[in-house]
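Letter by letter, the sequence shown follows residues 1 to 455 in the UniProt record's numbering.
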Amino acid sequence: MTDDALTPDQIQQIRNRVAELMPQVRADLEELVRIPSVSASSFDQSQVARSAEAVAELLRREGLDVEIVVEGGRPAVIGHLDGPEGAPTVTLYAHHDVQPPGDDADWDTPPFEPTERDGRLYGRGAADDKAGVMAHVAALRAHAGSLPVGVTVFVEGEEEYGSASLPTILEKHGHRLAADAIVIADSGNWAIGEPALTTTLRGGVRCVVRVETLDHSVHSGMFGGAAPDAVTALIRLLASLHDEEGNVAVQGLDEGTAAELDYDEARFREESGLLDGVGLIGSGSILTRLWNKPSITTIGMDVTSVDKASNTLAARAAAKVSMRLAPTQEPQAAFELLRAHLLDHAPWGAKVTVDLEEHGSGFAADADGPVYDEARASFADAWGTEPVDMGVGGSIPFISDFVARFPEASIIVTGVEDPDTRAHGANESLHLGEFEKVCVAEAVFLARLGALPRA
Numbered sequence: 001m002t003d004d005a006l007t008p009d010q011i012q013q014i015r016n017r018v019a020e021l022m023p024q025v026r027a028d029l030e031e032l033v034r035i036p037s038v039s040a041s042s043f044d045q046s047q048v049a050r051s052a053e054a055v056a057e058l059l060r061r062e063g064l065d066v067e068i069v070v071e072g073g074r075p076a077v078i079g080h081l082d083g084p085e086g087a088p089t090v091t092l093y094a095h096h097d098v099q100p101p102g103d104d105a106d107w108d109t110p111p112f113e114p115t116e117r118d119g120r121l122y123g124r125g126a127a128d129d130k131a132g133v134m135a136h137v138a139a140l141r142a143h144a145g146s147l148p149v150g151v152t153v154f155v156e157g158e159e160e161y162g163s164a165s166l167p168t169i170l171e172k173h174g175h176r177l178a179a180d181a182i183v184i185a186d187s188g189n190w191a192i193g194e195p196a197l198t199t200t201l202r203g204g205v206r207c208v209v210r211v212e213t214l215d216h217s218v219h220s221g222m223f224g225g226a227a228p229d230a231v232t233a234l235i236r237l238l239a240s241l242h243d244e245e246g247n248v249a250v251q252g253l254d255e256g257t258a259a260e261l262d263y264d265e266a267r268f269r270e271e272s273g274l275l276d277g278v279g280l281i282g283s284g285s286i287l288t289r290l291w292n293k294p295s296i297t298t299i300g301m302d303v304t305s306v307d308k309a310s311n312t313l314a315a316r317a318a319a320k321v322s323m324r325l326a327p328t329q330e331p332q333a334a335f336e337l338l339r340a341h342l343l344d345h346a347p348w349g350a351k352v353t354v355d356l357e358e359h360g361s362g363f364a365a366d367a368d369g370p371v372y373d374e375a376r377a378s379f380a381d382a383w384g385t386e387p388v389d390m391g392v393g394g395s396i397p398f399i400s401d402f403v404a405r406f407p408e409a410s411i412i413v414t415g416v417e418d419p420d421t422r423a424h425g426a427n428e429s430l431h432l433g434e435f436e437k438v439c440v441a442e443a444v445f446l447a448r449l450g451a452l453p454r455a
């Protein structure tokens, strides 16, 4: 790790400057959180456009040349500011769209009214990923008037909706996003007080499984015991996806092994909210199960509700299945293996169809070289402790698009989340003390890159 890119006094000056900036950074973050920029099609898309304009205005105030681009999807924001002659260029990525809030009753405070409790800022998007946007803005403000590198800021507007138009954006505007380093602020840290670089991410497949056993629903008393109902057939089919230990039973999928980090069952139970008496599933270390092995989850079902149930054999039933993949797994091949398993395990000759809804590749970084060295040093400067390299069990499929489009760039995946952030769930929150360290780390990282010897 580099020790001489910046002096201790220079690093302290950046820390002091960021501390001065934080009240306004927080105020701007809260204004972004108040915009319900849910990119799912069933929500008001004018709010996503409003959010894009708010982000664009923040970047214009920092002197960037800014454009809002729309290529068949939700609006993205691209801004650029030149650095010194011969300095490297850094692209800073985040997204301004958010997940649906879910049921307001599950929130302790309104999801789009940012509220501080016990040092955390609560609200949808407060962490994922409007804090990522503001970390970039804070780093720019820390270097206002003396930017050490060229910077391009790319803030996507549909990451939570699958990034469908991203390939087109990269095709038409990719020349504007090319850089020596790409910082993707959409992940998290190992723990409060312990920073991390995310070096692996799982891929993902989402599909809908439909089961039919009858051409119409019939009386369970008249036909039950001989005719199978579709709901029971679907349950048996879904149960075939795991073995007795809870490992994924689909054959042929990639598996790997996670790095050795201190992570025990007690911590997992606390962070996951696992109920007393409920056992863990799968085999291997917990981190291997979370980061490097496939997992399958049933995330939705179309069956008759309890309230509306009658004594009827259901003719049809359906489930939405999410499969997370080892970072090395090709997602289309994984879907074909999953589909073949489901067709082969159709109970009682039930008619089964499997439709692919969405898939995305994983990510495994070759996290060596001077850019990664400076990133790790920047985290150490901000937190006062060395960062760890960690995996994440979730997926950020668009990273594979960046890898393909910019093969020479060093891709740094970082973020503002911590194990209690609850991104995508009710009571999402941002740890404000950690957020300031994230802002310091990014500002120091830009300074460190600018101080590297130039070819």
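Ideal Cβ positions, reconstructed from N, Cα and C, are used throughout, including at glycine.
- Item | Selection from 118, 145, 108 and 73 that minimises the alpha carbon distance to residue 64 | For this step, residue 64 is matched to residue 64 along the sequence shown. Closest option to residue 64, Cα to Cα, is 145.
- Which residues bound the alpha helix (DSSP H) around residue 344? As a first step, residue 344 is located in the sequence shown; it is residue number 344 there, counting from the start. Where residue 344 is concerned, the enclosing alpha helix (DSSP H) stretches over 331–344.
- Task: Between the Cα of residue 316 and those of 364, 395 and 213, spot the shortest distance and give me the residue it belongs to.
- Result: To locate residue 316, count along the sequence shown from 1; it is residue 316. Cα-wise, what sits closest to residue 316 is 213.
- How big is the Cα-Cα spacing for residue 37 and residue 44? Here residue 37 refers to the residue found at position 37 when the sequence shown is read from its first residue. Here residue 44 refers to the residue found at position 44 when the sequence shown is read from its first residue. Rounded to whole angstroms, residue 37 to residue 44 spans 8 Å at the Cα level.
- Query: In angstroms, rounded to a whole number, what distance separates the CA positions of residue 219 and residue 359?
  - Reply: As a first step, residue 219 must be located in the sequence shown, where it is residue number 219. As a first step, residue 359 must be located in the sequence shown, where it is residue number 359. Taking the straight line joining both Cα atoms gives about 39 Å.
- Can you tell me which of 366, 21, 178 and 436 puts its alpha carbon nearest to the alpha carbon of residue 381? Counting from one through the sequence shown, the residue named residue 381 turns up at place 381. With distances taken between Cα atoms, residue 381 lies closest to 436.
- Query: For the 8 Å Cβ check, are there 3 or more pairs between the region 444–453 and the region 134–149?
  - Reply: yes
- Could you give the residue range of the beta strand (DSSP E) that holds residue 359? Here residue 359 is taken as the residue at index 359 of the sequence shown, counted from 1. Here the beta strand (DSSP E) through residue 359 covers 351–360.
- Measuring CA to CA, which of 87, 287 and 252 is closest to residue 269? Within the sequence shown, residue 269 is the residue found at index 269, counting from 1. Of 87, 287 and 252, the residue nearest in Cα terms is 287.
- Query: If you run the structure through DSSP and keep just helix, strand and coil, what is residue 91?
  - Reply: Indexing the sequence shown from 1 puts residue 91 at position 91. Three-state result, residue 91: strand.
- Query: So, is residue 228 buried or exposed, given that buried needs 16 or more other C-beta atoms within 10 angstroms?
  - Reply: Counting from 1 along the sequence shown, the entry for residue 228 is found at position 228. That one is buried.
- Message: Rounded to the nearest angstrom, what separates residue 410 and residue 124 at their Cα positions?
- Response: As a working note, residue 410 is residue 410 in the sequence shown. As a working note, residue 124 is residue 124 in the sequence shown. About 30 Å.
- Report all residues from its chain with a CB closer than 6 Å to the CB of residue 158; omit the five preceding and five following residues, and keep chain order. The residue given as residue 158 occupies position 158 in the sequence shown. Correct list, in chain order: 39, 73, 74 and 97.
- Task: Go ahead and label residue 251 buried or exposed: buried means 16 or more other beta carbons lie within 10 angstroms of its beta carbon, across all protein chains shown.
- Result: The count along the sequence shown starts at 1 and reaches residue 251 at position 251. Exposed, since its Cβ has fewer than 16 Cβ neighbours within 10 Å.
- Query: Applying the criterion that 16 or more other CB atoms from any shown protein chain within 10 Å of the CB defines a buried residue, is residue 391 buried or exposed?
  - Reply: Position 391 of the sequence shown, counted from the start, is the residue given in the question as residue 391. Residue 391 should be labelled buried.
- DSSP state of residue 424, grouped into three classes? Counting from 1 along the sequence shown, the entry for residue 424 is found at position 424. Reduced to three states, the DSSP call for residue 424 is coil.
- Message: Quick check on the burial criterion: 16 or more other C-beta atoms within 10 angstroms. Buried or exposed for residue 454?
- Response: Along the sequence shown, one-based indexing puts residue 454 at 454. Flag for residue 454 reads exposed.
- Item | Sequence-distant residues of the same chain with beta carbon closer than 6 Å to residue 242, five excluded per side | Position 242 of the sequence shown holds residue 242. So the list reads 249, once near-sequence residues are dropped.
- With 16 other CB atoms within 10 Å as the buried threshold, where does residue 130 fall? Indexing the sequence shown from 1 puts residue 130 at position 130. Its Cβ being crowded by 16 or more others within 10 Å, residue 130 is buried.
- Item | Secondary structure of residue 198, DSSP reduced to three states | Residue mapping note: residue 198 aligns to position 198 of the sequence shown, counting from 1. Reduced to three states, the DSSP call for residue 198 is strand.
- Task: State the DSSP-derived secondary structure class of residue 378, mapped to helix, strand or coil.
- Result: Reading the sequence shown from its first residue, position 378 is the one you call residue 378. If DSSP states are grouped into helix, strand and coil, residue 378 belongs with the helices.
- Task: Identify every residue that forms a DSSP beta bridge with residue 187.
- Result: Reading the sequence shown from its first residue, position 187 is the one you call residue 187. Answer is 415, bridged to residue 187.
- Query: Start and end of the beta strand (DSSP E) containing residue 80?
  - Reply: For the purposes of this step, residue 80 is identified with residue 80 of the sequence shown, where counting begins at 1. That run of the beta strand (DSSP E) goes 76–81.
- Item | residue 179 versus residue 90: straight-line alpha-carbon distance, rounded | As a first step, residue 179 must be located in the sequence shown, where it is residue number 179. As a first step, residue 90 must be located in the sequence shown, where it is residue number 90. Answer to the nearest angstrom: the Cα atoms are 5 Å apart.
- Message: What residue range does the alpha helix (DSSP H) around residue 261 cover?
- Response: On the sequence shown, residue 261 is found 261 positions in, with the first residue counted as 1. No alpha helix (DSSP H) contains residue 261, which DSSP labels as neither H nor E.
- Query: So, residue 71 versus residue 168, is the Cβ gap smaller than 7 Å?
  - Reply: The sequence position of residue 71 within the sequence shown is 71, counting from 1. The sequence position of residue 168 within the sequence shown is 168, counting from 1. In contact: residue 71 and residue 168 (Cβ atoms closer than 7 Å).
- Item | Sufficient close CB pairs (3 or more, under 8 Å) joining the region 198–206 to the region 356–373 | yes
- Message: Could you tell me the alpha carbon to alpha carbon distance between residue 332 and residue 222, rounded to whole angstroms?
- Response: Within the sequence shown, numbered from 1, the residue matching residue 332 stands at position 332. Within the sequence shown, numbered from 1, the residue matching residue 222 stands at position 222. Each residue's alpha carbon lies about 44 Å from the other.
- State buried or exposed for residue 329, treating a residue as buried only when at least 16 other CB atoms are found within 10 Å of its CB. Stepping through the sequence shown from its first residue, residue 329 is reached at position 329. Buried, by the Cβ-count rule.
- Compare the Cα-Cα distances from residue 82 to each of 176, 11, 150 and 311 and report the closest residue. Position 82 of the sequence shown, counting from 1, holds the residue named residue 82. Per the Cα distances, 150.
- Message: Looking at the strands, I want to know which residues DSSP matches up with residue 122.
- Response: Walking along the sequence shown from the start, residue 122 turns up at place 122. Answer is 115 and 429.
- Query: Three or more C-beta pairs closer than 8 Å, one from the region 293–306 and one from the region 317–328: is that the case here?
  - Reply: yes
- Query: What residues in its chain sit with their C-beta under 7 Å from that of residue 342, if we drop five residues either side in the sequence?
  - Reply: One-based indexing of the sequence shown puts residue 342 at position 342. These residues qualify, in order along the chain: 209, 237, 352 and 354.
- Looking at C-alpha atoms only, which residue of 217, 42, 120 and 68 is the closest neighbour of residue 311? In the sequence shown, the residue the question calls residue 311 occupies position 311. Taking only the C-alpha atoms, the option nearest residue 311 is 217.
- Who are the Cβ neighbours of residue 349 in its own chain at under 7 Å, not counting the five residues just before and after it? Taking the sequence shown and counting its residues from 1, one reaches residue 349 at position 349. Excluding residues within five positions, none has a Cβ falling inside 7 Å.
- Note down the Cα distance separating residue 15 from residue 440, rounded to an integer number of angstroms. Translated into positions along the sequence shown, residue 15 becomes position 15. Translated into positions along the sequence shown, residue 440 becomes position 440. So the alpha carbons of these two residues sit roughly 6 Å apart.
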